[in-house]
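Enquirer: What follows is a single structure, and I will ask about it in a moment.
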Amino acid sequence: MSLNKYVAFAAKSFSMPDICLRLRKLIDDPRSNAADIARLICIDPSLTAKVLRLANSSLFRFPSEVESIEKAVNIIGGEALYNLVVAETTNSAFSCFNSELVALDEHWYKSVYCGMVAKSLARHLQLRGSGRFFVMGILLNLSELVVAKCSPQEYLVYRDKESSMPTHERQREHFGFTFSYCSGTILSNWKLPLVIYYPVMNVDDKKKQLIDVDVGLLALASRITELRHDKKYNNEIELFCKEIPNSVNADMDAIANAITFAEKETAKVSQLIH
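Every letter in the sequence shown is one number past the one before it in UniProt numbering, and letter 75, counting from 1, is 75.
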């Protein structure tokens, strides 16, 4: 099956809820404020509960209980709130594309872990909007679920085939595209911002790793995640591809800190969302 057919299948099976697009517009509108955002969030009772849980969680360590959505918005911030909404939406998408061929809980945990590593590295590099890297990490391998759901036999052959190639090269050889490229194309189709779908789409492009720090950082986070969680291919994973250090100034201390951060925070955040 072609890439376009998987993207079409994803579009037909699941669409980004209207609240994501409306929230993005509010955040980008200089005339909007926390009260405007709070009114939008309150439309969705489930999301309202999660926002309050997040604001009162140890992630923010606010000294008193947060009881209103407007106060929660002020504490969390617009971008972090948008990331939470997208992550919550992604969790729904994961459930929509659930397949017995993929261990969903493990897939979700690895996705959150990748997002946490990427977020920590982005903070280290002092990149603007580091929270968006958390979203990118969660969404990076969304299409693996789409492929497994849509083409179970073909996915099963890919999954069980012995190979010494890195994961993304195995995907390209078997399907004609990588899961990350397919994921990025789906996110573009869902009309997510360019700063989210572009790095996801190009994370395995060596030329773009060289010239784009967002792509290089996400590629590094992806490789760290594979190294920590995919025992089968650990020996084939090259953590520092020669292209990545030229665009990502992350030494081993930064990587160790990112791993510690991810291992500490992944369980907490996945419980808030999952």
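Idealized CB from N, CA, C, for every residue including glycine.
Using the beta-carbon count (16 or more within 10 Å), is Glu162 buried or exposed?
Expert: Position 162 of the sequence shown, counted from the first residue, corresponds to residue 162. Its Cβ having fewer than 16 others within 10 Å, Glu162 is exposed.
Enquirer: Assuming the contact rule is C-beta atoms closer than 8 Å, Ile27 and Tyr82 should be a hit. Round their C-beta distance to whole Å, please.
Expert: If you number the sequence shown from 1, residue 27 lands on position 27. If you number the sequence shown from 1, residue 82 lands on position 82. Confirmed, Cβ separation roughly 6 Å.
Enquirer: If I follow the unbroken alpha helix (DSSP H) through Gln171, where does it start and stop?
Expert: Position 171 of the sequence shown, counting from 1, holds the residue named residue 171. Here the alpha helix (DSSP H) through Gln171 covers 167-175.
Enquirer: Please list the terminal residues of the continuous alpha helix (DSSP H) segment that includes Met201.
Expert: Working through the sequence shown from its first residue, we reach residue 201 at position 201. Looking at the DSSP string, the run of the alpha helix (DSSP H) that includes Met201 is 194-201.
Enquirer: With a Cβ-Cβ cutoff of 8 Å, do Val85 and Leu23 count as a contact?
Expert: Counted from its first residue, the sequence shown places residue 85 at position 85. Counted from its first residue, the sequence shown places residue 23 at position 23. Yes, the pair counts as a contact, with Cβ atoms nearer than the cut-off.
Enquirer: Classify Gln126 as helix, strand or coil using the three-state DSSP reduction.
Expert: If you number the sequence shown from 1, residue 126 lands on position 126. In this structure, Gln126 counts as coil in the three-state DSSP scheme.
Enquirer: Taking only three categories from DSSP, how would you classify Leu145?
Expert: Stepping through the sequence shown from its first residue, residue 145 is reached at position 145. In this structure, Leu145 counts as helix in the three-state DSSP scheme.
Enquirer: Does DSSP put Gly184 in a helix, in a strand, or in coil?
Expert: Numbered from its first residue, the sequence shown carries residue 184 at position 184. Here Gly184 sits in helix by DSSP.
Enquirer: Output the boundary residues of the alpha helix (DSSP H) element that contains Lys71.
Expert: Taking the sequence shown and counting its residues from 1, one reaches residue 71 at position 71. From DSSP, the alpha helix (DSSP H) with Lys71 extends over 69-76.
Enquirer: My guess is that Leu217 and Phe133 are in contact by the Cβ rule of under 8 Å, so how many angstroms apart are they, rounded?
Expert: Walking along the sequence shown from the start, residue 217 turns up at place 217. Walking along the sequence shown from the start, residue 133 turns up at place 133. So it is a contact: roughly 7 Å between Cβ atoms.
Enquirer: So, at 8 Å on beta carbons, what are the nonlocal neighbours of Ala35 in its own chain, with the 5 sequence-adjacent residues on each side left out?
Expert: Here the question's residue 35 lines up with position 35 in the sequence shown. Here the set comprises Glu70.
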